[in-house]
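Quick notes on the structure that follows.
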Amino acid sequence: MYNLIVKDMLIQKKQMIFSLAYMVFVLVAFQGMGSSMFSAGLVAFTYMLAMTSCAYEDKNKSDVMLNSLPVKRSSIVAAKYLSVIVYLAMGTIVYMASTSIIIMAQIPLKVYPLSLEIFIGGLISVGLMTGIWFPIFFKYGYMKLRVVNFVVFFLFFFGISFISDYLRKNQDAAWLQSMVNFFSSRSDAAIAAIFIASISVFLLISFMLSVRFYKNREF
């Protein structure tokens with residue numbers, strides 16, 4: 172499985188450089204997003220790398236070769252999900268380094284240093300995107316879903332900002348106040364644990380669906 176993850180990294184070295192640069196670009200170009208820029212940038216960064224890896228494999232018929240080797244299909248699927256964790260860590264490090272440089276260099280940009288709240292928002296956004304997109308990919312493949320791929324990307328990228336604006340404008344809504352009251356009575360660690368546990372369950376269900384779809388695909 173480790174070799175499968177390394178393979179995903181090696182086949183897209185140029186795309187990785189572009190994605191790293193794009194993560195920095197988000198800090199400059201999307202100032203209006205506020206603290207949501209981390210989530211939006213992380214989703215874009217992770218999605219571009221995950222999508223490129225899947226595109227290369229479909230284009231080069233790598234699945235045919237992989238399935239001729241003594242490698243379980245569940246391991247192939249697991250490697251894709253674990254690769255997302257690597258991308259998420261890389262994107263987070265780039266964000267932290269970029270915001271630190273901007274602050275120390277006193278560059279006139281509004282940045283939001285990484286906090287637990289901001290990180291959890293990014294984690295949830297990437298988890299939702301991954302959990303929705305991978306089962307679709309493993310069922311149909313990349314080439315059949317090129318249009319869907321871009322629709323999913325733009326929905327998540329701009330949807331993050333839309334949801335943030337909606338919550339700010341409707342912060343007095345009864346259902347939102349109930350959620351605020353629920354979480355305000357709990358510690359930051361407890362809130363983080365709730366969100367991480369929820370997204371973990373969602374990703375586990377997503378993984379099981381992906382394995383099922385991939386095992387039933389014919390190559």
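Using the working numbering, read the sequence shown as starting at 172 and increasing by one per residue.
Yeah, the Cβ is synthetic: ideal placement off N, Cα and C, and Gly gets one too.
Computed from a predicted model, the values in this text were never measured in an experiment.
Item: Cβ-Cβ distance between residue 179 and residue 246 below 8 Å; Value: no
Item: Residue 213 and residue 186 closer than 8 Å at C-beta; Value: no
Item: Own chain, CB closer than 8 Å to residue 176, minus 5 neighbours either side, in chain order; Value: 250, 253, 254 and 257
Item: Under the three-state DSSP convention, the category residue 231 falls into; Value: coil
Item: Pair within 8 Å by beta-carbon distance, residue 310 and residue 373; Value: no
Item: Through-space distance from residue 189 to residue 267, alpha-carbon basis; Value: 18 Å
Item: Close-in-space but distant-in-sequence residues of the same chain around residue 367 (CB under 8 Å, 5 per side omitted); Value: 291 and 294
Item: Nearest residue (CA-CA) to residue 222, options 244, 306, 287 and 386; Value: 306
Item: Option nearest residue 312 by Cα separation, candidates 248, 369, 184 and 191; Value: 248
Item: Length of the line joining the Cα atoms of residue 260 and residue 387; Value: 32 Å
Item: Local conformation of residue 212 per DSSP, three classes; Value: helix
Item: Residue 198 classed as buried or exposed, judged by whether at least 16 other C-beta atoms fall within 10 angstroms; Value: buried
Item: Which of helix, strand or coil DSSP assigns to residue 279; Value: coil
Item: Neighbour-count burial assignment, residue 275, 16 or more Cβ in a 10 Å radius; Value: exposed
Item: Within 8 Å, strictly: CB atoms of residue 280 and residue 202; Value: yes
Item: Opening and closing residue of the alpha helix (DSSP H) in which residue 310 lies; Value: 287 to 311
Item: Residue 182 versus 233, 382, 356 and 287, residue with shortest Cα-Cα distance; Value: 233
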